[in-house]
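Just so it is clear: in the sequence shown, position 202 is 202 by full-length UniProt numbering, and no numbers are missing. We put the CB at the ideal spot given by N, CA and C, even for glycine. Written out below as structure tokens is the structure these notes cover.
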Amino acid sequence: MSQPHTNCEGEDLFGDETGLEVKYKTLTWWQAGMIMIAETISLGILALPKVLATLGLFPGIAVIIGVGVLTTYTGLVIGEFKRRYAQTHTMADAGSILWGRTGFEILGAAQLIFFIFVMASHILTFSIMVSVLTGYSGCTVLFSVAGGLLSIVFTIPRRLESLSFLSSISFASILGAVLVSMVGASLNKPSPIQTSLPPTFHDIVVAIANVVFAYAGHVAFFAFFSELRDVKDYPRALALLQVTEVTLYTVTAIVLYVLVGKDIASPSLNSVSPLFKKIAYGIAIPTIVIAGVVNAHVAVKSLYLRMFHGRNAMHSRSFGAISLWVAVCATLWFLAWVVGESIPVFNDILGLTSSLFASWFTFSLPGLFWLYLNVPGRPLGWKQTMLIGFSCMNVIIGLVVVSWTYRCHWLTN
């Protein structure tokens, strides 16, 4: 990928943190990578075996790996944009650079809505998990409230570094849950009669959208890179994420699809016996909570920085600074709870989130970032021309997925 710019423009939002009470730029590359893994590898993996059931084994694998390659490239573009413009902490900041105040407000609102929907999906899954473990589904509202309150507690720390250890637990949790699901699926013989009908165009689009959602951590990448000790380490953090998720997504989808067949459920933990389902959901508790917390942390901090930018309170442990952070946490989690109660279907909440924002943040915007960094005033050789075409393709992919998913998943329902 072309990297024509080496000098950094703009002021780092955290500034010089020497001697300050709260220091944000403390992440090593592997800590950032683990947080990125916790944010990205969670709910999405539960829908991927169903993708193979819909698209077919080899086409489904091609989509999972292909989207992984594309998202690796777009992640590198986001890192390059961050290095070029140090003031970029969120997608809203990037929108300000491209389109001024209008871009800032539109992308700021879009990323906030996206985060709230992701948080809602984790509250919904927490409620499902408790219902499975207790065997009682009559208090789902109470269960979701408990999930929201627990999430608020874990969102209270203001530094991403405080989530690095929890992120490792989250990754171990989803890995353990997947392994238990595989064991349970291997012991639960599939029905000799496959009841699934041939996929419709609607089914295919939703399946592709769920793959996009599984890789859709890009909206938070600016925030993660901003808290690195050295922003130049972003490729190593990104590599840790991408290698892990492409490998885990592909292996999980193949194994569970082969073991269960076309009747596999989404989420796939529902395709094993009741005993293994309880074990898997019990092991998955950390990732259900922590993955949502990481997204919530980035959402809260984007608002917090907007309120306190340029003021000492941002780096203070004062009662007022902490109280405002907690208040924003509680407000966003309440909104997420409302959304989760309004759309209580796992596939629908994934489909809606993907159709509105995921593909735009993952493909289209990084394509525009690359064009903004590289095209103006530069001679166009053959390599540059190819990269321009590739970036334009990313923009188009994002727009197509947004359009198709919205039309097929919502206008037909």
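> Leaving out five residues before and five after VAL293 in sequence, what residues of the same chain have Cβ atoms less than 6 Å from its Cβ?
Replying inline: Sequence index remark: in the sequence shown, residue 293 carries index 293 (1-based). If you ignore the 5 residues before and after VAL293, its C-beta comes within less than 6 Å of the C-beta of SER151, PHE154 and THR155, all in its own chain and listed in chain order.
> If you check the beta carbons only, do ARG229 and THR28 fall under 8 Å apart?
Replying inline: Against the sequence shown, residue 229 aligns to sequence position 229. Against the sequence shown, residue 28 aligns to sequence position 28. ARG229 is a Cβ neighbour of THR28, given a cutoff of 8 Å.
> Which term fits ASP93, buried or exposed, when burial requires 16 or more other beta carbons within 10 angstroms of its beta carbon?
Replying inline: As a working mapping, residue 93 is identified with position 93 in the sequence shown. With 16 or more Cβ atoms within 10 Å of its Cβ, ASP93 is classed as buried.
> Thinking C-alpha only, which one of SER168, GLN31, LYS23 and GLU80 is nearest residue 444?
Replying inline: Since the displayed the chain opens at 1 and closes at 413, residue 444 lies outside it and no answer follows.
> Since VAL178 is in the alpha helix (DSSP H), which residue starts that stretch and which ends it?
Replying inline: Here residue 178 refers to the residue found at position 178 when the sequence shown is read from its first residue. Segment 164 to 187, the alpha helix (DSSP H) holding VAL178.
> Quick check: the segment 260 to 274 against the segment 48 to 59, are there 3 or more CB pairs under 8 Å?
Replying inline: With the cut-off at 8 Å, the segment 260 to 274 and the segment 48 to 59 touch.
> Taking the C-alpha atoms as reference points, what is the distance between LEU248 and LEU275?
Replying inline: Residue mapping note: residue 248 aligns to position 248 of the sequence shown, counting from 1. Residue mapping note: residue 275 aligns to position 275 of the sequence shown, counting from 1. Approximately 24 Å, taken between the alpha carbons.
> Under three-state DSSP, which class holds LEU124?
Replying inline: Stepping through the sequence shown from its first residue, residue 124 is reached at position 124. In the structure shown, LEU124 sits in a helix (DSSP, three-state: H, G or I).
> Which residue comes first and which comes last in the alpha helix (DSSP H) that contains PRO198?
Replying inline: As a first step, residue 198 must be located in the sequence shown, where it is residue number 198. Per DSSP, PRO198 belongs to no alpha helix (DSSP H) and is neither H nor E.
>> Since LYS82 and TYR234 should fall inside the 8 Å C-beta cutoff, what is the C-beta to C-beta distance between them, to a whole number of angstroms?
In response: On the sequence shown, residue 82 is found 82 positions in, with the first residue counted as 1. On the sequence shown, residue 234 is found 234 positions in, with the first residue counted as 1. In this structure LYS82 is in contact with TYR234, their Cβ atoms being roughly 7 Å apart against a cut-off of 8 Å.
> Beta carbon of TYR257, beta carbon of LEU57: below 8 Å?
Replying inline: Residue mapping note: residue 257 aligns to position 257 of the sequence shown, counting from 1. Residue mapping note: residue 57 aligns to position 57 of the sequence shown, counting from 1. It is a contact, given that the beta carbons lie within the stated cut-off.
> In three-state terms, what does DSSP make of TYR73?
Replying inline: Taking the sequence shown and counting its residues from 1, the one referred to as residue 73 is at position 73. DSSP, reduced to helix, strand and coil, places TYR73 within a helical segment of the structure shown.
> Does the Cβ-Cβ distance between TRP325 and VAL300 come in under 8 Å?
Replying inline: Against the sequence shown, residue 325 aligns to sequence position 325. Against the sequence shown, residue 300 aligns to sequence position 300. For TRP325 and VAL300, yes; Cβs fall inside 8 Å.
>> Spatial neighbours of ALA216 within its chain, please: C-beta separation below 6 Å, excluding the five flanking residues on both sides.
In response: As a working mapping, residue 216 is identified with position 216 in the sequence shown. Cβ neighbours of ALA216 beyond the five flanking positions: ALA358 and THR362.
> Which stretch, first to last residue, makes up the alpha helix (DSSP H) that contains TRP337?
Replying inline: One-based indexing of the sequence shown puts residue 337 at position 337. Run containing TRP337: 319 to 342, per the alpha helix (DSSP H) assignment.
> Just checking, does the segment 203 to 212 make contact with the segment 315 to 333 on the three C-beta pairs under 8 Å criterion?
Replying inline: Between the segment 203 to 212 and the segment 315 to 333 there are fewer than three inter-stretch CB-CB distances shorter than 8 Å, so the stretches are not counted as touching.
>> Comparing C-alpha positions only, which one of PRO366, ILE128, MET314 and ALA321 sits nearest to ASN270?
In response: Taking the first residue of the sequence shown as 1, we reach residue 270 at position 270. In terms of CA proximity to ASN270, ILE128 leads the group PRO366, ILE128, MET314 and ALA321.
> For TYR281, which option in HIS218, SER181 and ARG317 has the closest C-alpha, if you only look at C-alpha atoms?
Replying inline: Here residue 281 refers to the residue found at position 281 of the sequence shown. Comparing Cα positions, the closest option is SER181.
>> Which residue marks the beginning of the alpha helix (DSSP H) containing ARG306, and which one marks its end?
In response: The residue given as residue 306 occupies position 306 in the sequence shown. Unbroken alpha helix (DSSP H) run through ARG306: 285 to 308.
>> Can you find the residues in the same chain that come closer than 6 Å, C-beta to C-beta, to LEU240, ignoring five residues on each side of it along the sequence?
In response: Numbered from its first residue, the sequence shown carries residue 240 at position 240. Excluding sequence neighbours, LEU240 sits near GLY33.
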